[in-house]
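Residue numbers (full-length UniProt numbering): 1 to 205. All C-beta atoms in this analysis are idealised placements derived from N, C-alpha and C, irrespective of residue type, glycine included. So the structure is just underneath, and the comments pick up after that.
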């Protein structure tokens, strides 16, 4: 029998409401700041009543950016979309092909190569960022989409996940493809690729 304790219910709901208020308050302050002009934002204390400059501020940021030397917001949004799409597509492609080669091709030291890829997960981004920037600068790819996207296309995590999935596929598929005279890439495109759309979508998300 569950004991009914009204005070415990009231206390729980009160704590939940306070938690929601703590989480939503910074968002509300940001929204209010977006509706004010500069003088009202810099005033101390800043008012918590929404102003009338929301559309004006949105238009100003969209066209002129957030500062004197800032790019327009539409340009930054386009850069983010291009980077996200290019990195995702490149990461899926490189990871699938590398995992396919490690699993289905029998060459010396293939497991060593896989663990060399996998061990890069132990390196934090802070360790890799400066050598990466130096390589990009030496290749004259600074201030370009290639310099932003190419270094991020290699993913040890995605390679590991695709390798683990490919290892679950039966060897009879390879034997049947060889009997039919299918090339490795034909086997990859027609058989392997068609069996991992869910994994691909999970990696994209």
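Work out the CA separation of residue j and residue i for me, nearest whole Å.
i: residue 50; j: residue 69; result: 28 Å
i: residue 10; j: residue 24; result: 21 Å
i: residue 178; j: residue 185; result: 12 Å
i: residue 59; j: residue 53; result: 10 Å
i: residue 77; j: residue 196; result: 31 Å
i: residue 6; j: residue 115; result: 57 Å
i: residue 86; j: residue 22; result: 37 Å
i: residue 80; j: residue 71; result: 13 Å
i: residue 129; j: residue 83; result: 17 Å
i: residue 27; j: residue 127; result: 33 Å
i: residue 180; j: residue 171; result: 15 Å
i: residue 12; j: residue 48; result: 28 Å
i: residue 183; j: residue 142; result: 39 Å
i: residue 20; j: residue 38; result: 29 Å
i: residue 18; j: residue 42; result: 28 Å
i: residue 168; j: residue 147; result: 36 Å
i: residue 132; j: residue 36; result: 41 Å
i: residue 55; j: residue 113; result: 55 Å
i: residue 107; j: residue 101; result: 9 Å
i: residue 15; j: residue 201; result: 38 Å
Tell me, to the nearest whole angstrom, how far the beta carbon of residue i is from that of residue j; I am working on the premise that it is less than 8 Å.
i: residue 117; j: residue 156; result: 5 Å
i: residue 151; j: residue 136; result: 7 Å
i: residue 139; j: residue 162; result: 27 Å between Cβ atoms; not a contact.
i: residue 65; j: residue 149; result: About 22 Å; that fails the 8 Å criterion.
i: residue 30; j: residue 46; result: In fact, because the Cβ distance is near 11 Å, the residues do not count as touching under 8 Å.
Given residue i, which residues of its chain have a CB within under 7 Å of its CB, disregarding the five upstream and five downstream residues?
i: residue 88; result: 204
i: residue 94; result: 153 and 154
i: residue 73; result: 61, 62 and 65
i: residue 96; result: 162
i: residue 103; result: 163, 166 and 167
Does residue i come within less than 7 Å of chain D when only Cβ atoms are used?
i: residue 53; result: Checking the listed chains, one finds no chain D in this structure; it contains a single protein chain.
Looking only at its own chain, which residues have a Cβ that is under 6 Å from the Cβ of residue i, when we skip the five neighbours before and after it?
i: residue 99; result: 159, 162, 163 and 166
i: residue 173; result: 191
i: residue 187; result: 177
i: residue 121; result: 156
Is residue i near the ligand COA, with its Cβ less than 6 Å from a heavy atom?
i: residue 89; result: No copy of the ligand COA appears in this structure; indeed no ligand is present at all.
For the alpha helix (DSSP H) that residue i lies in, which residues bound it at each end?
i: residue 109; result: No alpha helix (DSSP H) holds residue 109; DSSP gives it neither H nor E.
i: residue 54; result: 54–64
i: residue 122; result: Segment: none, residue 122 is in no alpha helix (DSSP H) and carries neither H nor E.
i: residue 199; result: 197–204
i: residue 12; result: 6–34
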